[in-house]
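Just so you know, the sequences run in chain order A and B. For the record, in the first sequence the residue sitting at position 51 is 51 according to the UniProt record's numbering, with numbers rising by one throughout. For the record, in the second sequence the residue sitting at position 65 is 65 according to the UniProt record's numbering, with numbers rising by one throughout. Heads up: the structure comes next, in structure tokens.
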Amino acid sequence: MTEKLSKKQDSPSQGTVPMVKAEGVHKSFGHVEVLKGIDLEVKPGEVFCLIGPSGSGKSTFLRCINHLEKINAGRLYVDGELVGYRQQGEKLYELRDREVSMKRRDIGMVFQRFNLFPHMTALENVIEAPVQVRGVSRTQARERAMQLLDRVGLADRAGHYPSQLSGGQQQRVAIARALAMDPKLMLFDEPTSALDPELVGDVLDVMRDLAESGMTMVVVTHEMGFAREVGDSLVFMDNGVVVESGHPRDVLTNPQHERTQSFLSKVL
Amino acid sequence: MTDIKKTAGEPGTPPAGPEAVKAIPVRHYGRYVSAVIAIAILVAIIYAFAQGQINWGAVPDYFFDDRILTGVGKTLLLTVASMAIGIFGGIVLAVMRLSKNPVTSSIAWFYIWFFRGTPVLVQLVVWFNLGLVFQYINLGPLYKDEWSDFMTPLLTALLGLGLNEAAYMAEICRAGLLAVDEGQTEAAHALGMSHSRTLRRIIIPQAMRVIVPPTGNEVINMLKTTSLVSVVQYPELFRFAQDIGQNSGAPVEMYFLAAAWYLIMTSILSVGQYYVERYYARGSSRSLPPTPWQKVKAHLTTFSSRKVTAA
Numbered sequence: 001m002t003e004k005l006s007k008k009q010d011s012p013s014q015g016t017v018p019m020v021k022a023e024g025v026h027k028s029f030g031h032v033e034v035l036k037g038i039d040l041e042v043k044p045g046e047v048f049c050l051i052g053p054s055g056s057g058k059s060t061f062l063r064c065i066n067h068l069e070k071i072n073a074g075r076l077y078v079d080g081e082l083v084g085y086r087q088q089g090e091k092l093y094e095l096r097d098r099e100v101s102m103k104r105r106d107i108g109m110v111f112q113r114f115n116l117f118p119h120m121t122a123l124e125n126v127i128e129a130p131v132q133v134r135g136v137s138r139t140q141a142r143e144r145a146m147q148l149l150d151r152v153g154l155a156d157r158a159g160h161y162p163s164q165l166s167g168g169q170q171q172r173v174a175i176a177r178a179l180a181m182d183p184k185l186m187l188f189d190e191p192t193s194a195l196d197p198e199l200v201g202d203v204l205d206v207m208r209d210l211a212e213s214g215m216t217m218v219v220v221t222h223e224m225g226f227a228r229e230v231g232d233s234l235v236f237m238d239n240g241v242v243v244e245s246g247h248p249r250d251v252l253t254n255p256q257h258e259r260t261q262s263f264l265s266k267v268l
Numbered sequence: 001m002t003d004i005k006k007t008a009g010e011p012g013t014p015p016a017g018p019e020a021v022k023a024i025p026v027r028h029y030g031r032y033v034s035a036v037i038a039i040a041i042l043v044a045i046i047y048a049f050a051q052g053q054i055n056w057g058a059v060p061d062y063f064f065d066d067r068i069l070t071g072v073g074k075t076l077l078l079t080v081a082s083m084a085i086g087i088f089g090g091i092v093l094a095v096m097r098l099s100k101n102p103v104t105s106s107i108a109w110f111y112i113w114f115f116r117g118t119p120v121l122v123q124l125v126v127w128f129n130l131g132l133v134f135q136y137i138n139l140g141p142l143y144k145d146e147w148s149d150f151m152t153p154l155l156t157a158l159l160g161l162g163l164n165e166a167a168y169m170a171e172i173c174r175a176g177l178l179a180v181d182e183g184q185t186e187a188a189h190a191l192g193m194s195h196s197r198t199l200r201r202i203i204i205p206q207a208m209r210v211i212v213p214p215t216g217n218e219v220i221n222m223l224k225t226t227s228l229v230s231v232v233q234y235p236e237l238f239r240f241a242q243d244i245g246q247n248s249g250a251p252v253e254m255y256f257l258a259a260a261w262y263l264i265m266t267s268i269l270s271v272g273q274y275y276v277e278r279y280y281a282r283g284s285s286r287s288l289p290p291t292p293w294q295k296v297k298a299h300l301t302t303f304s305s306r307k308v309t310a311a
């Protein structure tokens, strides 16, 4: 906790490179324009919440950050580097698949539907990427995986297959799996939306713990309580644009924009 | 009837939970009648065969004849080798068809269209007669020979069966690959796994669950289809059985003998298929279905416990 506070205080925005920076990001699927010019900045160590009605483009934007979706216009940077492209002079070169994979190693992602690998146990899910992608030895990866599973409270479930775990447990394994790659940035795509209400708390606790350790997190969520307590910045998106942004407490308690007000009145 | 009265009227042991429903089951008279008819027909057929002009004694005489055993071996060899060609070709074709490159995907489409659209027997004969098109085979410094020497009956049979099989396997593999949830690819990509690694470690193991059952079917089909290769002069079980039949004067008996061998082999394959399927079902259901042996053991224990309570 103290570590996080001190980290926050001595990271003024002018000196450090933003972890994520979007400049006029556009994205269309066919004729449907989903993102209509997104500008935002996520500072290192920050918990950045994206809220908004469904179809507002928040998940799409999140998926653009690790290049699961290609953007059509604008620039998107992660840790100062362009996402999916390389710029030489005026020209942009598309990155090869291998180069894209290299960059994704440092970005963890947690999905709404968990997407655990069903043919592997919880432990195997967590060690898969470190062993296959980073080339970590199996024993080392196993040791680290057990630590991570312990951290999300599932050390005793290491040998279970995903189908033998509850939704909340699966999502916590998914978080451990993402953390096993030691990412510098974690993306959460509505991590609790597919969960029974009583299981949401466990997952949010893990995320809170992660935030306190200083991880940079971009969280698409409908959990306003979480956004208010844990978030450092919040953006309200609607119809592919950022409508309002600021500190979660300010935006959630005192929304300025009419659209934000009507959304929050329905959600809160 | 008396049984119901007895248990209901017993005052000594009151039921622990709510009283179990004890009712006289509905009698399905239709079932008894159809069972009797089915058994009667079966008996009639068996009787007809037993009475027929068939020298059953010839079957055991030749059952383990050297030629028959050689034939069985060759049939198995053909099955395994052609399936290997088929599965390998099928995976390649499936990946080609799913590729974003329009040239490779249409070539794969064309291949499947052609080989699925013509009978195997015709394909075998065409392979056998390709000598009319190619007189020589010339692979530069590696190999050079007359076509008829190069295209032995074995090679003809393997190519004919294997290439045909590849077309079917391609569709099976494609269905398997498409059956895996897209979220799996995304999750693997998000972890920084490359395309090929995602395919190998994440997609194919899950696709196997869909691929294995129809592939088992294909193996069994292939085992039977090998009997066609006698047309390209490759001797296998069926051909040997036919030969023996003609020489020994018991042709029909030898067909029965061959049928029995095919049945034995397909039965063994089915057992193998069951265990392969079970292996790939890992993680897809909460608990694996019991193996037949486990089932037998379970039945034995319940049976014995029932006996104990009855006594």
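Every residue, glycine too, gets a C-beta built ideally from N, C-alpha and C.
Along the chain, where does the beta strand (DSSP E) containing residue i start, and where does it finish?
i	result
H26/A	V20 to F29
Q87/A	Y85 to Q88
Y234/B	Careful: Y234/B lies outside any beta strand (DSSP E) and carries neither H nor E.
residue 312/B	Residue 312/B cannot be examined here, being either before or after the span of chain B that is shown, 1 to 311.
Y93/A	K91 to E94
G108/A	I107 to V110
V219/A	T216 to V220
Grouping DSSP H, G and I as helix and E and B as strand, with all else coil, what is residue i?
i	result
M207/A	helix
E218/B	helix
M237/A	strand
Y77/A	strand
R306/B	The predicted model places R306/B with a pLDDT of 49, which falls under 50 and marks its position as unreliable, so this point remains unresolved.
K266/A	helix
residue 277/A	Since the first and last residues shown for chain A are 1 and 268, residue 277/A lies out of range.
L191/B	coil
K8/A	Bear in mind that a pLDDT of 43 at K8/A, under 50, signals an unreliable position, so the number given afterwards is only what the model happens to contain. Residue state, collapsed to three classes: helix.
L130/B	helix
D250/A	helix
L154/A	coil
L123/A	helix
L165/A	coil
L68/A	coil
L116/A	coil
V180/B	coil
P18/B	coil
M181/A	coil
G291/B	A quick correction: the sequence has Thr, not Gly, at residue 291/B. T291/B: coil per DSSP, three-state reduction.
A135/A	Looking at the sequence shown, residue 135/A is not Ala but Gly. Three-state result, G135/A: coil.
Would you grab the beta carbon distance between residue i and residue j for me? Rounded to a whole angstrom, and I think it's under 8 angstroms.
i	j	result
E223/A	L204/A	6 angstroms
S245/A	L234/A	7 angstroms
S227/B	F238/B	4 angstroms
Q132/A	R201/B	6 angstroms
L161/B	T225/B	6 angstroms
Could you pull the DSSP bridge partners for residue i from this structure?
i	result
E41/A	K21/A
E146/B	Y136/B
I51/A	F236/A
S245/A	V235/A
M186/A	G108/A and M217/A
L35/A	K27/A
L154/B	L154/B pairs with nothing; no bridge assigned.
L163/B	DSSP lists no partner for L163/B.
A300/B	According to the sequence provided, residue 300/B is Leu. The question's Ala does not apply to it. Bridge partners of L300/B: none, in fact.
L82/A	Y77/A
Would you mind reading off the limits of the alpha helix (DSSP H) that contains residue i?
i	result
M265/B	P251 to Y280
W109/B	P102 to G117
T75/B	D66 to L98
E229/A	M224 to V230
G57/B	Per DSSP, G57/B belongs to no alpha helix (DSSP H) and is neither H nor E.
V43/B	Y29 to Q51
Which residues, in chain order, does the stretch 161–189 of chain B contribute to contact with chain A at a C-beta distance below 7 angstroms? G183, Q184, E186, A187 and H189
Within 7 angstroms of chain A by C-beta, residues of the stretch 188–204 of chain B in sequence order: H189, A190, L191, G192, M193, S194, H195, R197, R201 and I202
By the 9 angstroms beta-carbon criterion, what residues does the stretch 56–76 of chain A contribute toward chain B? R63, N66, H67 and L68
The stretch 225–256 of chain B: which residues have C-beta closer than 7 angstroms to a C-beta of chain A, in chain order? none
Contact residues within the stretch 236–247 of chain A, judged by C-beta distance below 8 angstroms to chain B: none
Counting only Cβ-Cβ distances shorter than 8 angstroms, please list the residues of the stretch 114–128 of chain A near chain B, keeping chain order. N115, L116, F117, P118, H119, M120, T121 and E128
Near-chain B residues of the stretch 213–234 of chain A - C-beta to any C-beta below 8 angstroms: none
Could you run through the stretch 115–138 of chain B and flag, in chain order, every residue whose CB is less than 8 angstroms away from some CB of chain A? none
Of the residues that make up the stretch 24–36 of chain A, which ones have a beta carbon closer than 8 angstroms to any beta carbon in chain B? none
Given a limit of 7 angstroms on CB to CB distance, which residues of the stretch 130–144 of chain A reach chain B? Q132 and V133
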